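J.: Residue numbers (numbering that gives the first Met the number 0): 0 to 557.
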Amino acid sequence: MIPGADIAQARAAAGARRVVDVLEERLALEPDAFAAQLAETFRVEVLRMDELRRLEPAFDLVPFAECSQKGCVVLRGQNQELLLATDDPFSAEQAAWAAERIRAPFAWRLVHRGDLVALLASHEETLRALDAVRGDTGAVLDQAEVEDLSLKAISDESSEVVRLVRSTLHDALRIGASDIHLESVAAGLVIKFRIDGILTPIKQIEDLAQAEQAIARVKVLAELDITERRVPQDGRFKAIIRSGAERHGNRAIDFRVSIMPSIHGEDAVLRVLDKQSLYETTRQSLSLDSLGFEPHDIRALRRLSHEPHGMLLVTGPTGSGKTTTLYAAITEINKGQDKIVTIEDPVEYQLAGVLQIPVNEKKGLTFARGLRSILRHDPDRIMVGEIRDPETANIAVQSALTGHLVFTTVHANNVFDVIGRFMHMNVDLYGFVSALNAILAQRLVRLVCAHCAENEVPGKELLSESGLAETDLSEWKFMAGKGCRECRGSGYRGRKAIAELLILDDEMRELITSRAPVRTLKLTAAKNGTRFLREAALDAVCRGQTTLQEINRVTFVG
0 MIPGADIAQA RAAAGARRVV DVLEERLALE PDAFAAQLAE TFRVEVLRMD
50 ELRRLEPAFD LVPFAECSQK GCVVLRGQNQ ELLLATDDPF SAEQAAWAAE
100 RIRAPFAWRL VHRGDLVALL ASHEETLRAL DAVRGDTGAV LDQAEVEDLS
150 LKAISDESSE VVRLVRSTLH DALRIGASDI HLESVAAGLV IKFRIDGILT
200 PIKQIEDLAQ AEQAIARVKV LAELDITERR VPQDGRFKAI IRSGAERHGN
250 RAIDFRVSIM PSIHGEDAVL RVLDKQSLYE TTRQSLSLDS LGFEPHDIRA
300 LRRLSHEPHG MLLVTGPTGS GKTTTLYAAI TEINKGQDKI VTIEDPVEYQ
350 LAGVLQIPVN EKKGLTFARG LRSILRHDPD RIMVGEIRDP ETANIAVQSA
400 LTGHLVFTTV HANNVFDVIG RFMHMNVDLY GFVSALNAIL AQRLVRLVCA
450 HCAENEVPGK ELLSESGLAE TDLSEWKFMA GKGCRECRGS GYRGRKAIAE
500 LLILDDEMRE LITSRAPVRT LKLTAAKNGT RFLREAALDA VCRGQTTLQE
550 INRVTFVG
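See below:
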């Protein structure tokens with residue numbers, strides 16, 4: 000018997016947790032060592048990740064959805080023998096289910112939980128239908144001020160719909176998803192998570208009534224009109240994980256909700272705003288160094304963040320990390336000697352010692368009106384969450400010209416498109432370039448998983464598509480992740496920022512005010528040391544940090 004198994008069983012029963020999870024925490028062994036000790040105790044063979052990849056899942060016998068729900072997978076061996084791989088040899092319920100469910104003879108195998116998750120994740124994109132949730136159609140959609148996402152609350156909930164929504168939110172937090180997509184389809188509802196910028200299918204509900212109830216449940220939580228299904232709606236709600244067994248204990252999370260009508264009903268997108276998580280990060284380690292920028296970009300941004308006045312613009316598409324970059328810059332300069340005020344829609348994360356104002360258009364508090372009021376509040380540093388309209392743009396420029404340092408974002412593809420955006424908003428061009436200190440365009444690229452990275456030789460077609468067919472690649476270190484438990488089988492783990500930083504000098508200001516062609520601006524910027532996004536992305540590939548496929552996904556080849 001494994002030492003401490005009795006204690007683990009008692010604690011698992013008290014905390015409504017699995018014995019195997021409690022035992023792994025108590026023993027504090029490496030995953031492979033823990034699996035080996037379990038296998039020795041229960042006298043079953045262990046399957047490592049490389050062995051799992053060589054075996055074929057028998058989803059025709061036990062569907063993916065059922066495997067995911069039961070925490071196991073049926074595999075076919077080399078001689079077509081059936082193997083049932085599980086991570087929980089303590090589960091009598093699973094053993095009884097397997098004996099009844101699998102009609103053909105099979106042998107048990109043990110896998111680590113991380114390897115099992117990675118194996119299932121590697122099949123998500125090809126299968127597309129991962130879960131079939133059946134339930135009663137008369138579920139009561141009750142509303143609570145704060146949704147409880149603890150494991151106990153999920154297991155105790157009697158309503159199938161409420162349990163589905165809660166478990167989906169809980170899983171998204173556990174995996175680290177930034178967004179949850181509930182997409183109505185002809186057969187029901189598809190649930191997807193955005194993980195490291197990539198949309199990944201997680202579940203499919205093949206029940207139209209329950210799919211509608213799941214969307215309705217989200218609308219109830221966000222205090223939206225559940226009878227209105229023809230127009231878009233926006234809202235938000237708060238949830239909390241109360242279980243002390245969770246990694247962060249009691250933790251409050253905000254969800255921003257967008258409902259959109261579709262031909263099959265309604266789609267919902269929930270943006271995860273884990274304020275406490277980033278607050279802890281902010282307090283401990285959030286800085287420009289922690290975002291993955293290159294050292295010369297960090298030095299330039301740090302200097303720009305300490306300028307006495309002017310404007311620092313950050314641009315990029317939604318989800319490219321613009322707000323996090325501004326928070327990092329503000330955190331570094333927040334020494335208590337300056338009055339720092341932000342206006343955001345919404346306030347995504349809380350910064351200690353900073354006055355943060357949420358936009359409330361229903362009450363008349365717009366970016367422009369709030370920014371005017373901020374200027375009467377004796378600020379030193381101002382952050383405007385986003386410039387969307389001419390009025391806000393003009394006030395932000397005037398603020399930068401009157402002795403304030405303004406941090407702000409605008410949606411554009413690169414640093415030169417920003418100039419065109421402000422010109423289309425009828426901002427005085429001379430005043431704009433006089434106020435502007437620098438423009439930062441950024442993207443987030445996924446990093447090759449360090450735990451399963453291996454050397455890779457890209458094919459000629461990929462090199463040609465990436466614009467490298469005629470390039471000397473002798474010094475390049477191409478790497479790719481083969482997929483493991485740490486990266487959930489994707490081959491990528493974590494992201495870093497790549498930057499295109501244009502610092503304005505007198506020459507560049509003169510060119511812009513004289514409305515020089517973009518080609519001239521680019522040539523001058525390159526001569527003065529500006530490194531474009533594609534160049535930064537290729538440098539990351541050259542060093543083995545990411546892949547050509549990844550940078551082709553987020554940057555233009557040309």
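Note that beta-carbon positions come from the ideal geometry of N, C-alpha and C, so glycine has one too. Computed from a predicted model, the values in this text were never measured in an experiment.
Does the stretch 15-30 touch the stretch 94-101, meaning 3 or more C-beta pairs lie closer than 8 Å?
T.: Short answer: they don't touch.
J.: Helix, strand or coil: which one does DSSP assign to Gly187?
T.: Residue mapping note: residue 187 aligns to position 188 of the sequence shown, counting from 1. Residue state, collapsed to three classes: strand.
J.: Grab the span of the alpha helix (DSSP H) containing Tyr491 for me, first residue to last.
T.: Along the sequence shown, read from residue 1 onward, the residue named residue 491 stands at position 492. No alpha helix (DSSP H) contains Tyr491, which is instead part of the beta strand (DSSP E) from Tyr491 to Ile502.
J.: Taking the C-alpha atoms as reference points, what is the distance between Ser157 and Leu148?
T.: Start at 1 with the first residue of the sequence shown, and residue 157 comes out as number 158. Start at 1 with the first residue of the sequence shown, and residue 148 comes out as number 149. So the alpha carbons of these two residues sit roughly 14 Å apart.
J.: How is Ser372 classed by DSSP in three states: helix, strand or coil?
T.: As a working mapping, residue 372 is identified with position 373 in the sequence shown. Helix, per DSSP.
J.: Between the Cα of Thr40 and those of Asn393, Arg75, Asp87 and Arg420, spot the shortest distance and give me the residue it belongs to.
T.: Here residue 40 refers to the residue found at position 41 of the sequence shown. Answer by Cα proximity: Asp87.
J.: What is the DSSP secondary structure of Asn393, counted as helix, strand or coil?
T.: Translated into positions along the sequence shown, residue 393 becomes position 394. Asn393 falls in the helix class under three-state DSSP.
J.: For Cys71, list the residues DSSP reports as bridge partners.
T.: Residue 71 sits at position 72 when you count from the first residue of the sequence shown. BP columns for Cys71 point to Thr85.
J.: If you pair each beta-carbon of the stretch 547-557 with each one of the stretch 463-479, do three or more pairs fall below 8 Å?
T.: In short, these stretches touch, since the Cβ pair count reaches three.
J.: When the Cα atoms are used, what is the spatial distance from Lys495 to Val444?
T.: Locating residue 495 in the sequence shown gives position 496, where the first residue counts as 1. Locating residue 444 in the sequence shown gives position 445, where the first residue counts as 1. The alpha-carbon atoms of Lys495 and Val444 are separated by roughly 6 Å.
J.: Starting from Arg270 and walking both ways along the beta strand (DSSP E), at which residues does that stretch end?
T.: By 1-based counting over the sequence shown, the position of residue 270 is 271. First-last of the beta strand (DSSP E) with Arg270: Gly264 to Leu272.
J.: So, for Leu400: in the same chain, excluding its five sequence neighbours on each side, which residues have a beta-carbon less than 7 Å away from its beta-carbon?
T.: Locating residue 400 in the sequence shown gives position 401, counting from the first residue. Here the set comprises Gly430, Ser433 and Ala434.
J.: In whole angstroms, what separates the C-alpha of Leu74 from that of Ala84?
T.: Residue 74 sits at position 75 when you count from the first residue of the sequence shown. Residue 84 sits at position 85 when you count from the first residue of the sequence shown. The straight-line gap from Cα to Cα measures roughly 7 Å.
J.: Does the beta-carbon distance from Thr391 to Leu370 come in below 8 Å?
T.: By one-based count along the sequence shown, residue 391 stands at place 392. By one-based count along the sequence shown, residue 370 stands at place 371. Their beta carbons are under 8 Å apart, which means Thr391 touches Leu370 by this criterion.
J.: When DSSP labels each residue in this structure, what does Val444 get in the three-state scheme?
T.: Counted from its first residue, the sequence shown places residue 444 at position 445. Three-state result, Val444: strand.
J.: Taking the C-alpha atoms as reference points, what is the distance between Val18 and Gly234?
T.: As a first step, residue 18 is located in the sequence shown; it is residue number 19 there, counting from the start. As a first step, residue 234 is located in the sequence shown; it is residue number 235 there, counting from the start. For Val18 and Gly234, the distance between alpha carbons rounds to 39 Å.
J.: Assuming Arg492 and Cys448 make a contact with CB atoms under 8 Å, what is their CB distance in whole Å?
T.: One-based indexing of the sequence shown puts residue 492 at position 493. One-based indexing of the sequence shown puts residue 448 at position 449. That belief holds up - the Cβ atoms of Arg492 and Cys448 are roughly 4 Å apart, short of 8 Å.
J.: Just how far apart, CA to CA, sit Val72 and Leu119?
T.: Here residue 72 corresponds to residue number 73 of the sequence shown, with the count starting at 1. Here residue 119 corresponds to residue number 120 of the sequence shown, with the count starting at 1. Cα-Cα distance, rounded: 8 Å.
J.: Which residue from Thr523, Leu181, Arg112 and Lys476 puts its Cα closest to that of Val21?
T.: Along the sequence shown, one-based indexing puts residue 21 at 22. When only C-alpha atoms are compared, the closest one is Arg112.
J.: Hey, quick one: how far does the beta strand (DSSP E) through Gly384 stretch, first residue to last?
T.: If you number the sequence shown from 1, residue 384 lands on position 385. Premise fails: Gly384 is in no beta strand (DSSP E) and is neither H nor E.
J.: When you compare each of Arg16, Ile6 and Arg42 to Arg25 by their alpha carbons, which one comes out closest?
T.: Here residue 25 is taken as the residue at index 26 of the sequence shown, counted from 1. Ranking the options by Cα distance to Arg25, first place goes to Ile6.
J.: Where Leu325 and Pro389 are concerned, what is the direct C-alpha to C-alpha distance, given to the nearest angstrom?
T.: Looking up residue 325 in the sequence shown gives position 326. Looking up residue 389 in the sequence shown gives position 390. Rounded to whole angstroms, Leu325 to Pro389 spans 22 Å at the Cα level.
J.: From what residue to what residue does the beta strand (DSSP E) around Asn551 run?
T.: The residue labelled residue 551 in the question sits at position 552 within the sequence shown. That residue, Asn551, is in no beta strand (DSSP E); its alpha helix (DSSP H) goes Leu547 to Val553.
J.: Going by alpha carbons, who is nearest to Val184 out of Asp253, Ile252 and Ile262?
T.: Taking the first residue of the sequence shown as 1, we reach residue 184 at position 185. It is Ile262.
J.: Within 10 angstroms of the Cβ of Gln212, are there 16 or more other Cβ atoms? Answer buried if so, exposed if not.
T.: Within the sequence shown, residue 212 is the residue found at index 213, counting from 1. Buried, because 16 or more other Cβ atoms sit within 10 Å of the Cβ of Gln212.
J.: What residues in its chain sit with their C-beta under 7 Å from that of Ser319, if we drop five residues either side in the sequence?
T.: Taking the first residue of the sequence shown as position 1, residue 319 is located at position 320. Closer than 7 Å at Cβ, skipping near neighbours: Gln441, Arg442 and Leu443.
J.: If distances are taken between C-alpha atoms only, which option among Phe531, Ala437 and Leu37 comes closest to Val313?
T.: Within the sequence shown, the letter at position 314 stands for residue 313. Residue Ala437 is the option with its Cα nearest to Val313.
J.: With DSSP run on the structure shown, which of helix, strand or coil describes Thr324?
T.: Counting from 1 along the sequence shown, the entry for residue 324 is found at position 325. Correct three-state label for Thr324: helix.
J.: For Gln355, which of helix, strand or coil comes out of DSSP?
T.: Sequence index remark: in the sequence shown, residue 355 carries index 356 (1-based). Strand, per DSSP.
J.: To the nearest whole angstrom, what separates the beta carbons of Val256 and Ala221, a pair I think is in contact under 8 Å?
T.: Sequence index remark: in the sequence shown, residue 256 carries index 257 (1-based). Sequence index remark: in the sequence shown, residue 221 carries index 222 (1-based). At roughly 4 Å, the Cβ-Cβ gap stays under 8 Å, so Val256 and Ala221 are in contact.
J.: Given this structure, state the Cα-to-Cα distance separating Val556 from Lys69, to the nearest angstrom.
T.: Locating residue 556 in the sequence shown gives position 557, where the first residue counts as 1. Locating residue 69 in the sequence shown gives position 70, where the first residue counts as 1. Val556 and Lys69: Cα-Cα distance of roughly 44 Å.
J.: DSSP state of Arg112, grouped into three classes?
T.: Numbered from 1 along the sequence shown, position 113 holds the residue referred to as residue 112. Looking at Arg112 - three-state DSSP - the assignment turns out to be helix.
J.: Does the beta-carbon of Asn527 have 16 or more other beta-carbons within 10 angstroms, so that it is buried, or is it exposed?
T.: Locating residue 527 in the sequence shown gives position 528, where the first residue counts as 1. With fewer than 16 other Cβ atoms within 10 Å, it is exposed.
J.: In terms of residue numbering, what span does the beta strand (DSSP E) encompassing Lys202 cover?
T.: Translated into positions along the sequence shown, residue 202 becomes position 203. It spans Ile197 to Ile204 - the beta strand (DSSP E) in which Lys202 sits, taken as one unbroken run.
J.: Any chance you could list the alpha helix (DSSP H) runs of at least 4 consecutive residues sitting entirely within the stretch 422-477, in chain order?
T.: DSSP runs (the alpha helix (DSSP H)) wholly in the stretch 422-477: 428-434 and 459-464.
J.: Does Val517 pass the burial test, meaning 16 or more other C-beta atoms within 10 Å, or should it be called exposed?
T.: Counting from one through the sequence shown, the residue named residue 517 turns up at place 518. Under this definition Val517 is an exposed residue.
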